[in-house]
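Student: There's a structure below that I have some questions on.
Protein chains: 2
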Amino acid sequence: MLNFEFYNPTRNLFGKGSLEKLHDLMENYGQNILFLYGGGSIKRNGIFDKVMEQLRDKNVIEMGGVESNPTLDTLRRCIARCREEKADMVLGVGGGSVMDSAKMVAAGAVYDGDVWDFLANHDQLPQKALPVATVVTMVGTGSEVNQNFVLTNPQTCEKVGKNGGDACFPQFAICDPEYTYTVGPYQTASGAFDTIAHVFEHYFAEADQYMPIQDGMQEAIIRAVITELPRVLEEPDHYEARANLMWAAQQALFGIADMGKGHGERVEHKMEHILSAKYNCAHGAGLAVVVPPFRRYMCKLQPKKYRQFAENVFHLDCTSLSDYEAGIKGIEALEAFIHSVGLPTTLRELGASGPDDVEFLASELVKQGRVTKGTGIGYNELKEMYASVY
Amino acid sequence: MLNFEFYNPTRNLFGKGSLEKLHDLMENYGQNILFLYGGGSIKRNGIFDKVMEQLRDKNVIEMGGVESNPTLDTLRRCIARCREEKADMVLGVGGGSVMDSAKMVAAGAVYDGDVWDFLANHDQLPQKALPVATVVTMVGTGSEVNQNFVLTNPQTCEKVGKNGGDACFPQFAICDPEYTYTVGPYQTASGAFDTIAHVFEHYFAEADQYMPIQDGMQEAIIRAVITELPRVLEEPDHYEARANLMWAAQQALFGIADMGKGHGERVEHKMEHILSAKYNCAHGAGLAVVVPPFRRYMCKLQPKKYRQFAENVFHLDCTSLSDYEAGIKGIEALEAFIHSVGLPTTLRELGASGPDDVEFLASELVKQGRVTKGTGIGYNELKEMYASVY
């Protein structure tokens, strides 16, 4: 087990009706609240009005229109507004993009220099930020209860995920699974697959080491997504299943399940970030395309861990198989799952329009220097992976 | 899944050499540090000197001699000293008893009334406390990273476990598995079994409901204790195994693994608290005696959950068995484990001296009103359970 530091001071209010606590929770955070949200679905499903009712004693600075994969322009606009109106707190109500933006805006508002350099620079951690709070309405990133954010620069096709440090933890998170009932099947499946991909990066990271607690917790999270997502797709108002997906997403990036493990290569997230920067696809949908070819490649290098995955997650009988064969059987089960929940399995479905795209994606990833040495993956290997799912 | 609130702001510094961070961590907590420890083993194994070196810039108020199952007298003495010396922070270095005491002293020092009433009263939560920090040297309660404590009143044989509320979370915890190398086999096994018992209370609490994440996490924690404790007993300096036991104990009572579940009846902890108040036995050793008979009783009421335990924790083949038979097979495997790690299986081994003890224990538990209605357990049932392990 590697040395680690675990710290997460976010107060998580999870369950039916938890928004009713918002009014009292806001009491200690000043008068001017920047209320960030996305494309307006919260106005249609009534969450907007409920939040405004809870903020009845506050001066609300409303900022809608945060797009998925939020851009630098949007952030700059929000930060400027935050300063003009002297916001005391940033409240993000939405999915990962909105909640990530809330953290970036909160940190950017109290920072003087160029916000892209600041946010995208991994060596530079926000030392302070306005207090942030979240109300989650779409499941996947677990952003509501962690300090991470992802920033997109569409001009350069760069999408950077970052741990924002202690200053970026939400003060509290309102997590009512009922608020995700109106999220459609594609977005729901995409968010759920994002959860699996988050777990994968740590689960497969220390492939030579079995850690009974961490491995067992991670397998439990993945199994939960695999059993609960189909239940939600069949019955969108299934409270238990929605709650399990939400809790799975939070635990995938909360830290407890992977403390003491390394971060692994994170190659598939890097592969996907270029997809969503280029095609503006849902993050989890992009992951559904690139995770299987990447894992097939890795299975050759670390077959034993992939056997563990096949046996413990899918409960496959692998007694007569080699580790590699067992691992591939597990990945095939994952592919069947992806197909069964309606997620894409090819780049074409995401918007790729010709073989040039395969070359572009591979070379872009190499150019951004986002592939580490450990895996032996370079341009040719990436091209092969992308081509296999073109 | 029940509604829940998860909050735990303790900073957990886990791993080899983490004590070296203590000096810097203490920087913001004032000059006068009450340094609590137990029977003096930390003086023999060198941890005392290492802590003092880290506290070199502080005014250290030394208070050794905190006994296991700390008494009200000890607490009062520490609280008085805390006030006299105007302590700014309480640092507990030891096992559960010392760390629990640190929290109670920190809360008691800023409270005016009678400390027993205050601490033992479940309706009265400490609203404030001096800052607390912990250095764990004995594994079992997870007290280093949670807000709970247990208080003993030997005059009345009362032992009260309590959630101390937000004020009692340690600011940070130093958790170096190497510091537990010198803990002997009996204490190690006792602490490890305490971990299992903590998980049981939540694992079996919602017996009619399968929660894929929580159940899976809890099964992972129990499995880890079952595989790692024998490794430690064979090789006390086995870092990975010691680290796994420590992480298991912390996760058993950290909250993540049981959020959304009820607290169950907690009957075996109540049964045991009377044992350790009467015989001053190690808490986990007392639990090893009372958990099996209690779980045999409960298996009749909720056989399906006990089958799940047998299959998922011990991986027993139960295909041809009824739920009840499968559940009993799981409990038998647990009993075999208890025996194999050298823990007691009878009251006599704890110090019981005659059949009168069985009657005393049963009636005392009933008198303290610590048995709830849900299980149908009353005097006769308790007497039977105690007698079965006399």
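For the protein sequence lines, the chains are C and B, in the order given.
If you count the first sequence from 1, position 384 lands on 602 in the working numbering, and the numbers rise without skipping.
If you count the second sequence from 1, position 90 lands on 308 in the working numbering, and the numbers rise without skipping.
By construction, the Cβ of each residue, glycine as well, lies at the ideal position given by its N, Cα and C atoms.
Values in this document were obtained by computation on a predicted structure and should not be read as measured data.
Look at Pro454 of chain C and Pro227 of chain B and say whether their C-beta atoms are less than 8 angstroms apart.
Tutor: Indexing the first sequence from 1 puts residue 454 of chain C at position 236. Indexing the second sequence from 1 puts residue 227 of chain B at position 9. It is not a contact, given that the beta carbons lie outside the stated cut-off.
Student: Which residue comes first and which comes last in the beta strand (DSSP E) that contains Lys380 of chain C?
Tutor: What you label residue 380 of chain C is simply residue 162 of the first sequence in a count that begins at 1. Counting along the chain, the beta strand (DSSP E) containing Lys380 of chain C begins and ends at Glu376 to Asn381.
Student: At a Cβ cut of 9 angstroms, what residues of the stretch 223-237 of chain C count as close to chain B, listed as they run along the chain?
Tutor: Residues passing the 9 angstroms Cβ filter: Glu223, Phe224, Tyr225, Asn226, Pro227, Thr228, Arg229, Asn230, Leu231, Phe232, Gly233, Lys234, Gly235 and Ser236.
Student: Quick check for students: name the residue ranges of the alpha helix (DSSP H) that lie wholly in the stretch 522-603 of chain B, counting only runs of 4 or more.
Tutor: Listed in chain order, the complete alpha helix (DSSP H) runs (minimum 4 residues) inside the stretch 522-603 of chain B are 541-558, 565-568 and 573-585.
Student: Can you find a CB in chain C that lies within less than 8 angstroms of the CB of Ile431 of chain B?
Tutor: Counting from 1 along the second sequence, the entry for residue 431 of chain B is found at position 213. Yes, Ile431 of chain B counts as interfacial toward chain C.
Student: Quick one: what's got a C-beta closer than 8 angstroms to Leu583 of chain C's C-beta in the same chain, skipping five residues either side?
Tutor: Looking up residue 583 of chain C in the first sequence gives position 365. Excluding positions up to five away in sequence, the list reads Lys488, Met489, Ile492, Val589 and Leu600.
Student: If contact means a Cβ-Cβ distance below 7 angstroms, which residues of the stretch 388-420 of chain B contact chain C?
Tutor: Cβ contacts with chain C: none found.
Student: Go ahead and pull the three-state DSSP assignment for Val328 of chain B.
Tutor: Within the second sequence, residue 328 of chain B is the residue found at index 110, counting from 1. Of the three classes helix, strand and coil, the one that applies to Val328 of chain B here is coil, per DSSP.
Student: Would you say Thr374 of chain C reaches chain B, if we count a Cβ-Cβ gap shorter than 8 angstroms as a contact?
Tutor: Locating residue 374 of chain C in the first sequence gives position 156, counting from the first residue. It does not; no Cβ of chain B falls within 8 angstroms.
Student: With contact counted as at least three CB pairs below 8 angstroms, one residue from each stretch, are the stretch 348-365 of chain B and the stretch 390-402 of chain B in contact?
Tutor: Contact holds: three or more Cβ-Cβ distances are below 8 angstroms.
Student: Since Ala475 of chain B contacts Ile444 of chain B with CB under 8 angstroms, what's their CB separation in whole angstroms?
Tutor: Taking the first residue of the second sequence as 1, we reach residue 475 of chain B at position 257. Taking the first residue of the second sequence as 1, we reach residue 444 of chain B at position 226. 16 angstroms between Cβ atoms; not a contact.
Student: Excluding the five sequence neighbours on either side, which residues of its own chain have a C-beta within less than 8 angstroms of the C-beta of Gly473 of chain C, listed in chain order?
Tutor: Within the first sequence, the letter at position 255 stands for residue 473 of chain C. These residues qualify, in order along the chain: Phe224, Asn226 and Asn364.
Student: Can you list, in chain order, the residues of its chain with a C-beta nearer than 6 angstroms to that of Leu343 of chain B? Leave out the 5 residues immediately preceding and following it.
Tutor: Position 125 of the second sequence, counting from 1, holds the residue named residue 343 of chain B. Same-chain partners within the cutoff: Gly383.
Student: Counting only Cβ pairs nearer than 9 angstroms, list the residues of chain D close to Gln469 of chain C.
Tutor: Of the protein chains in this structure, namely C and B, none is chain D.
Student: Quick check: what's the CA-CA separation for Asn381 of chain C versus Trp465 of chain B?
Tutor: Position 163 of the first sequence, counted from the first residue, corresponds to residue 381 of chain C. Position 247 of the second sequence, counted from the first residue, corresponds to residue 465 of chain B. Taking the straight line joining both Cα atoms gives about 23 angstroms.
Student: Name the chain C residues that come within less than 8 angstroms of Trp334 of chain B, Cβ to Cβ?
Tutor: Indexing the second sequence from 1 puts residue 334 of chain B at position 116. Going along chain C, no residue has its Cβ under 8 angstroms from Trp334 of chain B, so there is no contact; the nearest lies around 30 angstroms.
Student: Count the other C-beta atoms from every protein chain shown that fall within 10 angstroms of the C-beta of Lys346 of chain C, then say buried if there are 16 or more, exposed otherwise.
Tutor: Within the first sequence, residue 346 of chain C is the residue found at index 128, counting from 1. Label assigned to Lys346 of chain C: exposed.
Student: Decide if Asn230 of chain B is buried, meaning its Cβ has at least 16 other Cβ atoms within 10 Å, or exposed.
Tutor: In the second sequence, residue 230 of chain B corresponds to position 12, counting from 1. Looking at its Cβ environment, which holds 16 or more other Cβ atoms inside 10 Å, Asn230 of chain B is buried.
Student: Between which two residues does the alpha helix (DSSP H) containing Val507 of chain C stretch?
Tutor: Counted from its first residue, the first sequence places residue 507 of chain C at position 289. His501 to Leu519 is the extent of the alpha helix (DSSP H) around Val507 of chain C.
Student: In the DSSP assignment, what are the bridge partners of Thr352 of chain C?
Tutor: Within the first sequence, residue 352 of chain C is the residue found at index 134, counting from 1. The partner list for Thr352 of chain C (beta bridge, DSSP) reads C:Gly310 and C:Ala391.
Student: State buried or exposed for Met435 of chain B, treating a residue as buried only when at least 16 other CB atoms are found within 10 Å of its CB.
Tutor: Position 217 of the second sequence holds residue 435 of chain B. Buried is the call here.
Student: For Ile279 of chain C, report the span of its beta strand (DSSP E) as first-last.
Tutor: Taking the first sequence and counting its residues from 1, the one referred to as residue 279 of chain C is at position 61. Here the beta strand (DSSP E) through Ile279 of chain C covers Asn277 to Met281.
Student: Which same chain residues, not among the five before or five after Gly569 of chain C, have their C-beta less than 7 angstroms away from its C-beta?
Tutor: By one-based count along the first sequence, residue 569 of chain C stands at place 351. Excluding residues within five positions, the ones whose Cβ falls inside 7 angstroms are Tyr497 and Cys499.
Student: Straight-line CA distance for Gly478 of chain C to Asn221 of chain C?
Tutor: Taking the first sequence and counting its residues from 1, one reaches residue 478 of chain C at position 260. Taking the first sequence and counting its residues from 1, one reaches residue 221 of chain C at position 3. When rounded, the distance between both Cα atoms is 6 angstroms.
Student: Which residues bound the alpha helix (DSSP H) around Ile260 of chain C?
Tutor: Here residue 260 of chain C is taken as the residue at index 42 of the first sequence, counted from 1. Counting along the chain, the alpha helix (DSSP H) containing Ile260 of chain C begins and ends at Ser259 to Arg262.
Student: Distance cutoff 8 angstroms, beta carbons only. Does Ile265 of chain B sit that close to anything in chain C?
Tutor: Numbered from its first residue, the second sequence carries residue 265 of chain B at position 47. No, because no Cβ of chain C sits closer than 8 angstroms to the Cβ of Ile265 of chain B.
Student: Locate the beta strand (DSSP E) running through Phe161 of chain B, then write down its first and last residues.
Tutor: No information on residue 161 of chain B is available, as it lies outside the stretch 219 to 608 that chain B covers here.
Student: If you drop the 5 nearest sequence neighbours on each side, which residues of the same chain put their C-beta closer than 6 angstroms to that of Ser408 of chain C?
Tutor: To locate residue 408 of chain C, count along the first sequence from 1; it is residue 190. Taken in chain order, the residues that qualify are Ala500, Gly502 and Ala503.
Student: Under 9 angstroms between beta-carbons, which chain B residues line up against Met219 of chain C? List them in chain order, please.
Tutor: Residue mapping note: residue 219 of chain C aligns to position 1 of the first sequence, counting from 1. The contacting residues are Phe232, Gly233, Pro395, Tyr457, Glu458, Ala461, Asn462 and Trp465.
Student: Please say whether Val269 of chain C and Val311 of chain C have beta carbons closer to each other than 8 angstroms?
Tutor: Taking the first sequence and counting its residues from 1, one reaches residue 311 of chain C at position 93. Taking the first sequence and counting its residues from 1, one reaches residue 269 of chain C at position 51. The answer is yes: Cβ separation under 8 angstroms.
Student: Looking at chain B, is there any beta carbon in it that lies within less than 8 angstroms of the beta carbon of Thr359 of chain C?
Tutor: Locating residue 359 of chain C in the first sequence gives position 141, where the first residue counts as 1. By this cut-off, Thr359 of chain C is not an interface position.
Student: Mind reading off the beta-carbon distance from Gly548 of chain B to Phe532 of chain B? Whole number of angstroms is fine, and I expect it under 8 angstroms.
Tutor: Position 330 of the second sequence holds residue 548 of chain B. Position 314 of the second sequence holds residue 532 of chain B. Correct: roughly 6 angstroms between the Cβ atoms.
Student: Are Gly358 of chain B and Asp412 of chain B touching if we call contact CB-CB under 8 angstroms?
Tutor: Along the second sequence, one-based indexing puts residue 358 of chain B at 140. Along the second sequence, one-based indexing puts residue 412 of chain B at 194. Contact flag set, yes.
Student: Which residues share a DSSP beta bridge with Ile251 of chain C?
Tutor: Counting from 1 along the first sequence, the entry for residue 251 of chain C is found at position 33. Beta-bridge pairing links Ile251 of chain C to C:Val278 and C:Met307.
Student: To the nearest angstrom, how far is the alpha carbon of Met322 of chain B from that of Tyr457 of chain C?
Tutor: By 1-based counting over the second sequence, the position of residue 322 of chain B is 104. By 1-based counting over the first sequence, the position of residue 457 of chain C is 239. Cα to Cα, the separation comes out at about 40 angstroms.
Student: Under the rule that 16 or more other beta-carbon atoms within 10 Å means buried, what is Asn287 of chain C, buried or exposed?
Tutor: Your numbering for residue 287 of chain C matches position 69 in the first sequence. Under this definition Asn287 of chain C is a buried residue.
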